[in-house]
Every structure is written in C-alpha cells, then in structure tokens.
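Chains as they are written, first to last, in the numbering used here: chain A, 1 to 346; chain B, 1001 to 1452.
A virtual CB, placed ideally from N, CA and C, is assigned to each residue, including glycine.
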Amino acid sequence: MNALKITIAALAASAAFAGAAVARDNIQIKGSSTVLPYASIVAEAFGENFDFPTPVVEGGGSGAGRKALCEGVGENTIDIANSSSRIKQSDIDTCKANGVNEIQEVRIGYDGIVFASDINGPSFAFTPADWHKALAAKVVVDGKLVDNPYKKWNEINSDFADQDILAFVPGTKHGTREVFDEKVIVAGCEEDGTLEALKAENNGDEKAAEKACMQLRTDGVSVDIDGDYTETLARIDANKNGIGVFGLSFYENNTDKLQVATMSGVTPSTETIASGEYPVSRPLYFYVKNAHLDVIPGLQEYVEFFVSDDMAGPNGPLAAYGLVSDPELAKTQEAVKNRTPMGPLN
Amino acid sequence: MTDATATLSNNNVRQVGGSLLVLDERTKKRNAAEARFRRMGQIAVMIGVLALIGLLASILSNGLSSFQQTYIAVDIHLDAAKLDKSGNRNPDEIAKVTTFGYMPLIQEAIKKKMAAEGISIDGLNAKAAAELISKEAPATLRNYVLSHIDAIGTTVPFKLLASGRIDGYYKGRVTMASAELDKNVSPEQLKLADELKQAGILTTAFNWDFFTAPDASDTRPEAAGLGVAILGSAYMMLIVLVLSLPIGVAASIYLEEFAPQNRLTDLIEVNIANLAAVPSIVFGILGLAVFINYAGLPQSAPIVGGLVLTLMTLPTIIIATRAALKAVPPSIRDAALGVGASKMQSIFHHVLPLAMPGILTGTIIGLAQALGETAPLLLIGMVAFVREYPAAPPEGFFDPASALPVQVYNWTQRGDPAFVERASGAIIVLLVFLVMMNLIAIILRRRFERRW
C-alpha cells in the first residue's frame, strides 16, 4: 500500500518537472492596490474580447510591484508592475543591475484623494492648512512652535463643527500617504507659516523643515491605517467622529455611507480632478518590461487595450469606476504602439 | 488501653459536632472551592460558545444571501446589422465585435420588454434602465453568439444577472433611502426593478454560479464566484496529500521503528517538533526563495502552493503518525517477530494497519490546516485576480490559480459593498469543507480505532 503511494508521489514529482518546461502563456501583473481594481477591470475585458488568457493581477503595493519587475528577465518574473507613484531611481538601478534595461512607463490616468466622513455627521470644507493644523506634531501658536494642542475641529476653524479631531490616514507603506504628506500636510505647513518657523529652527535647511512638517502627532488623534480603504470605512463606521482619507473611486462606490469634504472650496470629482482644480491628486502608472513584449503572448495587445479609448477614455469603464482619464491619452497610445522605453528620470 | 486510644483519637479528630451529616468548616471550604471552579469552567465554556455563535451568526447573516442571486429574463434580438456587418457569418469577423458592441442590444431588449409590459418609470432613460443588468451580460451574449453563429438575426431568450445594487436591493443591502445617496443606483431604477419583479421578469434563484464562476472585477460583484479558488484549493490539497502522506509516514516509521536512539535522532526529533510551531509565513518565504527563484517554478501556481503547504503539513503528519505507531502495543511486534516475521514484515503487516486510523486522522487534520492557510500563499503570488480556470492536472498544477482563503482575503479588500457578502459566502463554503474534513477524521477515528 505504501509502495503504491510512493510510486504515485514519484509520478507526480516527475510530472512536475516535465511540466516546468511549458512556456507561460498568461500575463502576470503585480503592484499597487490602488491600480489593482482598474487593472482587473481591464484584464477581465481583455480576457473576454481577445483570444489570450485573462492576465493574472496581483496586489501587494507599488513598491513590491516595482521590486518584482526589476528582479530580472524571464518567464518566472512578472511582466508589468502597477504603481500609484512614479518609479524611483533606485528601482531603475536595480532593474539595470538585473538586466532589465528597457522599461515602458505608461500613465493610465489620475486618481483623486478625498476626505470623507460619516454621512450623518456635519460637513466640512477643508484647506490644507486646516489639516496641517489638526494633525501636525508641532504647530505655531502665538508665534511659538509648540506641541499640537488642538482637540476639536472648531478650535482649528470656528466654522467647523464642535467635533473631536480624529483622522484615519493611510499608513506609510501606501502610495496614498506620500501624496497626502506632500499635497496636504506640507502644503498646509507652508500656508500656515509653520514651515518658516521650522526652517528657522533647522538653520534654514528646507529639506529638514519639510520633513519636520510631515511629522504627524502621536497622541492618538491621527491614526495610521495599514490596511486598505475597507478598514478605514469600518473605523469610521465604529467611530462616527472619524474623518478618513480615501481614493476617489472607493468613495464613489460608497456614497451612501460617506460624505465628502471639499478641499480649498473644490468638491472632488473626476471633472475637477481632470481640470486640476482639485489639488490632491496623483497620476497612476504601470511599467512594462519591454524584453517580455514578444515573448509573452498578448502583452503588447494588453498594454494597447489598457490605454485605448474604449477602456481608459473619459467614457470608458475605468472612468466610470473613478479613474480620472488622462487628457494626454493619445500621446500615451502613440508611445505604447512604438514601445518607447522611458528615459532617465527628470 | 481503651482509654488511652480514646484520648489519642480525640486529639486527632477535629473538635466538631461529631455528625457526618453536619459539614465542618474545612469541608465547606473545599466544597465551595470545587463549586467555584465548576462555575468558572462553565463560564469559560459559555464564553467560547458565545464567541462561536457570534462569529457564525455574523458570517451566516452576511453570507447566506450570496447563495441567492437575482436574474432578469429578457429576449434579446441578436441584430445581424450590428454583430455581422458584412453578413457572411465569418466567425473571425464576428469575434471583432467586442463586448462594447453588445451593450446596445441589451438596452434595446430592456426597452422593448418595458414597452411590452406597459412599464414606464418617470425620469428613467433607456441607458439607466439597461444598468439594471450586470456588466457581465455583454460577455455572456458574446460567448453565446460566438458559439452559436447561426443564432444571429434571431431573438433568443436570456436569463441575465441583475447588477450588484439591484441584487442588493432584494437582499436588504440597498434601500430606497440609500439609493438616493448612491451614485451607482437611483430610486427610479429600484422602482423599475420592483415593476419587473411583479411582472415576473426579475426573479431570484439559487446561485450555482457562485461555486463555478471565476472571480470578477470590482465593477461586477454579482458575477464573482469561487470556481477557480475551489479548483486551486483542490489541486493544492491533492499535491499536499500525495507528497506529505508517503514522506511523512516513511519518515515516522523510520524514526519510530528503525532509527537508533542517539544524539542525531534526538536532534531531528526536536527539530520536527519545532518545525510544527514555525509560523506559516516562514514557509512562504522559503517557497519564494527555493521553488520560484531557484527552481524556476511559475508564480501563482498550485504546484508551488502545494509544495509549500506540504512542508508546512509534514511535521503535523509526522508527529501524529509517530504517536499512532507508539500507541500500537509492543506485544503485537513481539508476537510477529516471534513467529518468524522480519522487522519490516512485522511493521507493514501488523503495526502499520493498526496505526492507520491515527495516521489518517492526523493527515486529514493537517490537510484541513493547509486548506485554511493564507499567509504562505501571499508570498508566492496566489493572492491575485485570476479568472482563467487551471487546466486538468498535471499541466493544471502549473497554471495560475487562486485558493479559497485567498479569495476571502481578496474580496474583503474590494471597494464595492457587495463583495462583503461574497466574502462571507466564501467563508461559509470554506467552513463547510473544513467541517467535512474534520468529520471524516472523527468518523475514521471512531470506527477503526482500537484500544488496548
């Protein structure tokens, strides 16, 4: 009986190694969880409309995706990395070191970052300065730099409701956090004059001052969410005073539970983000390993399909899901057709 | 003499009332301590039971509705002018019409159906009316047309999926009030859905697709199913069973019956016990380094998942098997040896069959553990959006696939609230599999176990 099982095991093992030689015929994609829903929508439509298998799309974060892309060339490495922030020089260096020389940068559109709270609570009209004042570790009070003393929103701005300050911001591993830090906190820091005070404290070092700006308070008022937006939503559900940071598409899928705050007087929507009026937005990218283009069947078609007007255009399903379509999409389509590799970072 | 013993015993016995029926101070204390301990035990059990009931109640209340699905029956005219412009019924040319080209057909069909039933809703245009039907529907139509080319030009009845929000309306997730605020559905659409339901066009049926359909993207939660995940999990369990049972049993027989007792075997024993306690994510890291990066096996494939889970399950199986072998009394071995059997014969003819129920129980429990494992799969690329069914084994072992616990994890991260229901539904399916496996283990133990 046992001998029989050992034979079966041996057969399975030999089948395993015979099969390993079979070429991969599906596209493998990994990266940002913000781009993931868009990529899976495209992958699904691609599988339905082309004779190629549906690509496999993995999450894991922008950084993880770019790292996997740069691991090397070959069938057991991925073909495309989704990224919600631009590739870094360090990634490009790793890529070069591992023989991944040509990478295509494809910008698929823009994503808005919105501030939303419980639908039944008071509404807010923020400016970046409000957020900095509410969340920064150190703020200027009466001309002096002190630890953040504010507890309630109406202490920040008398127009706001008398509500405890409680913010759910994305954890530092998220690409969203980078944008939040840069476009809200640092912008607000500059606006309310804290940057100047910090600069004076750091002997005029602007970089160090900016870094100090991004220090959020640690007394429980600002809560880092390491999970995804569903976790942020659950936190707001449990604590109605909370205000969360979301991607526009997530908010648009949950408009019955959340109300969105304006930023500098602009309500976030695909239109205001496309026009650039709404300040907190970022481009979304994916990076293609050019060496795989003629090796993995359907890769070129997938890339072209992704940026086609049918998908990424203003009336396509991606825009319907919350992606702000890129006004320069035609340029991207052209570049993709010519397989133009990206130049050095500027 | 009698006096002396009387005083002695009087000194020894505590000075009490003297009746056995009246409890003294210390006995009362002891009894009270026992009663306290019992109560604490009962409270502990109650907490456990309550937690289980709470968990099951929340999963069942969220997830049971995923086994029901709302469908809309429409007759769709497969317009030759739209699907086959040249009119020569060339499959290659018809395949050029993408799913976007099928959208107008559905819009037209809904419009016709509403007119035929005399339904009209104020403030609802044809496009919004067609949004009642899932975005999966154009793909369904296209697949049908491509496999039935001669149906072009005729009118075919279809039972199409209703969109996630409409489905949610009949499951209590969406209400008129929430639709007012919801960007993806309007109260007018819900009114139309109610009218359609009255006319018998919109129906609810058991959701078989939930078990067979592949995953779907965020825009069509109503189409998402567990097909690929169930297949992937089954493949992995097959690999785990086929690899870990013989290896585990062979290793334990050698260690238990043949190996000399020395430092080396002691060391191996300690290591096996330690391995059983290693966090599963460590096996994932190992799998990524060894099977994918070094051996070059494909990402997201059940073979890698199976190998990683085999490593994880082996210690469990070895420990269970050794315990089962140890439980077979030495007299059986001695008797076999006494009548002239070789050591190997005594083991394979007598000890192993007697230990089999214990071994199988351990194996099934190990498999159940492996079935519910997510962490190691995270690192080998199985936590992914996979829509293609893996092929039949053995090639299928190398195709990308998902797994049940991974699918749960995936769905809880999606933006659309309809995926919460799907995730809970997937948990129920996973739980049913686990309960079944554990039941088999219990039955095996009860029926075949022998006690000496």
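Straight-line Cα distance separating residue j from residue i
i	j	result
B/Leu1146	B/Glu1222	23 angstroms
B/Leu1245	B/Leu1267	22 angstroms
A/Ala136	B/Ala1418	36 angstroms
B/Leu1064	A/Val57	28 angstroms
A/Pro344	A/Asn338	18 angstroms
A/Ala129	A/Met263	10 angstroms
A/Val106	A/Met214	29 angstroms
A/Ala21	B/Pro1390	Residue placement at A/Ala21 is poorly supported in this model, since its pLDDT is 44, which falls under 50; the coordinates still yield a value, given next. The alpha-carbon atoms of A/Ala21 and B/Pro1390 are separated by roughly 17 angstroms.
B/Arg1453	B/Leu1241	This structure does not reach residue 1453 of chain B, given that chain B is present from 1001 up to 1452, and the question cannot be answered.
B/Leu1052	B/Ser1424	15 angstroms
A/Ile29	A/Tyr321	20 angstroms
B/Tyr1254	A/Glu178	57 angstroms
B/Ala1355	B/Leu1325	5 angstroms
B/Gly1305	B/Met1382	8 angstroms
B/Gly1172	B/Asn1207	17 angstroms
B/His1077	B/Thr1154	6 angstroms
A/Ser281	A/Pro317	20 angstroms
A/Asp195	B/Asn1410	The sequence shown places Leu at residue 195 of chain A, rather than the Asp named in the question. In a straight line, the C-alpha of A/Leu195 is about 41 angstroms away from that of B/Asn1410.
Pick from the options that is closest to residue i, judged by C-alpha positions
i	options	result
B/Val1185	B/Leu1325, B/Glu1195, B/Gly1164, B/Lys1326	B/Gly1164
B/Lys1183	A/Gln104, A/Lys88, A/Tyr251	A/Tyr251
A/Tyr410	A/Gln163, A/Leu293, A/Pro279	The question about residue 410 of chain A has no answer, for chain A in this structure spans 1 to 346.
B/Ile1303	B/Ala1051, B/Ser1066, B/Pro1393	B/Pro1393
B/Met1437	B/Ala1403, B/Glu1395, B/Thr1361	B/Thr1361
B/Glu1136	B/Ile1119, B/Arg1026, B/Lys1159	B/Lys1159
B/Gln1068	B/Val1049, B/Ala1162, B/Ser1252, B/Leu1297	B/Ala1162
B/Ile1317	B/Ile1149, B/Val1435, B/Gly1415, B/Gly1248	B/Gly1248
B/Pro1187	B/Ala1129, B/Leu1202, B/Ser1217	B/Ala1129
A/Ala167	A/Asp159, A/Lys173, A/Lys152, A/Val179	A/Lys152
A/Asp219	A/Asp205, A/Thr230, A/Asn203, A/Asp164	A/Asp164
A/Gly74	A/Leu36, A/Arg24, A/Ile41	A/Arg24
B/Ile1428	B/Glu1025, B/Ala1193, B/Arg1038, B/Ser1061	B/Ser1061
B/Leu1141	B/Ala1109, B/Asp1167, B/Ile1119	B/Ala1109
A/Trp131	A/Ser33, A/Asp118, A/Val114, A/Leu145	A/Val114
B/Leu1314	B/Ser1342, B/Val1406, B/Ile1121, B/Ser1280	B/Ser1280
Boundaries of the alpha helix (DSSP H) in which residue i is found, first to last residue
i	result
A/Gly247	Counting along the chain, A/Gly247 falls outside any alpha helix (DSSP H), though it belongs to the beta strand (DSSP E) covering 243–247.
B/Val1435	1418–1448
B/Ile1239	1227–1253
A/Arg282	Note, A/Arg282: premise wrong, no alpha helix (DSSP H); beta strand (DSSP E) at 281–289.
Beta-carbon neighbours of residue i, restricted to chain B and to distances below 8 angstroms
i	result
A/Ile119	Leu1181
A/Thr370	Look at the range of chain A in this structure, 1 to 346, and you will see that residue 370 of chain A is not part of it.
A/Ile41	Ser1217, Asp1218, Thr1219
A/Gly47	Arg1387, Glu1388
Residue i: contacting residues in chain A (beta-carbon distance under 7 angstroms)
i	result
B/Ile1292	Asn76
B/Asp1416	Asn253
B/Phe1100	Asp310
B/Pro1400	Asn26, Val56
B/Arg1447	Neighbours of B/Arg1447 on chain A: none; closest Cβ ~18 angstroms, over 7 angstroms.
B/Ser1178	Asp256
B/Ala1139	Glu48
heavy atom of the ligand NAP below 7 angstroms from residue i C-beta
i	result
B/Leu1286	The ligand NAP is not among the ligands present in this structure, which contains no ligands whatsoever.
Extent of the continuous beta strand (DSSP E) to which residue i belongs
i	result
A/Asn82	80–83
A/Ala238	From DSSP, A/Ala238 is part of no beta strand (DSSP E) but of the alpha helix (DSSP H) over 229–238.
A/Pro170	167–170
B/Leu1152	First, the residue type needs correcting, since residue 1152 of chain B is Ile and not Leu in the sequence shown. From DSSP, B/Ile1152 is part of no beta strand (DSSP E); its letter is neither H nor E.
A/Glu225	According to the sequence as given, residue 225 of chain A is Ile; it is not Glu. Taken as a continuous stretch (DSSP letters only), the beta strand (DSSP E) holding A/Ile225 covers 222–225.
A/Val114	103–118
B/Leu1299	Per the sequence shown, the amino acid found at residue 1299 of chain B is Gln instead of Leu. No beta strand (DSSP E) contains B/Gln1299, which DSSP labels as neither H nor E.
A/Glu58	56–60
B/Ala1205	1202–1206
A/Asp147	144–147
Interface residues of chain A facing residue i [CB-CB closer than 8 angstroms]
i	result
B/Thr1412	Thr230
B/Ser1300	Gln28, Val56, Glu58
B/Gly1362	The premise fails here: B/Gly1362 is roughly 15 angstroms from chain A at the closest Cβ pair, so nothing lies under 8 angstroms.
B/Ala1073	The premise fails here: B/Ala1073 is roughly 22 angstroms from chain A at the closest Cβ pair, so nothing lies under 8 angstroms.
B/Val1465	The question about residue 1465 of chain B has no answer, for chain B in this structure spans 1001 to 1452.
7 angstroms Cβ cut-off: residues of chain B touching residue i
i	result
A/Tyr321	Asp1218, Thr1219
Where residue i meets chain A, residues with beta-carbon distance less than 9 angstroms
i	result
B/Gly1366	None at all; the shortest Cβ gap to chain A is about 15 angstroms.
B/Gly1296	Ala20, Gly74, Glu75, Asn76
B/Arg1322	In chain order: nothing, as chain A lies at least about 16 angstroms away.
Exercise for the section: Give, in chain order, every unbroken run of the alpha helix (DSSP H) that is at least 4 residues long and sits entirely within the region 1045–1092 of chain B. Expected result: 1080–1083
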